[in-house]
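**Student:** Submitted below is the structure of interest, expressed as structure tokens.
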Amino acid sequence: MTNAPSWSEDLKALTRAAVEDLDVTPRGDGVCFKHIRAGFGIISFGDLVSGRLRLRDTDTGDVTTFADADALIEAGWVID
30 MTNAPSWSED LKALTRAAVE DLDVTPRGDG VCFKHIRAGF GIISFGDLVS
80 GRLRLRDTDT GDVTTFADAD ALIEAGWVID
């Protein structure tokens, strides 16, 4: 049995709404996300509107592309 940390179902639902329905208020030119273990990331509003989930880790600068909201959430990311 694992005791891996997990986000609440409400926060996961808010993340899905932000990504799929664009139910979000951008900060600057992007939308901010947080990771379950540590760190923060941003998806540009332009990418989000275009359906591209390219998240840039604000600490490392690494960019990861996700297929959909569920993949983003499964990787530990939710709307901040």
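The sequence shown begins at 30 in the numbering used here and counts up one residue at a time.
Just so it is clear, CB atoms sit at the ideal spot from N, CA and C, and this is done for glycine as well.
Three-state secondary structure (DSSP) at V48?
**Tutor:** Here V48 sits in helix by DSSP.
**Student:** Whole angstroms are fine: how far does the CA of V107 sit from the CA of F62?
**Tutor:** Rounded to the nearest angstrom, the two C-alpha atoms are 5 Å apart.
**Student:** Leaving out five residues before and five after K41 in sequence, what residues of the same chain have Cβ atoms less than 6 Å from its Cβ?
**Tutor:** So the qualifying residues of the chain are I102.
**Student:** Looking at the structure shown, is I65 part of a helix, part of a strand, or coil, going by DSSP?
**Tutor:** DSSP places I65 in coil when its eight states are reduced to three.
**Student:** Between which two residues does the alpha helix (DSSP H) holding V78 run?
**Tutor:** Segment F74 to V78, the alpha helix (DSSP H) holding V78.
**Student:** From which residue to which residue does the beta strand (DSSP E) around D99 run?
**Tutor:** It is not in any beta strand (DSSP E) - D99 instead sits in the alpha helix (DSSP H) that spans A98 to E103.
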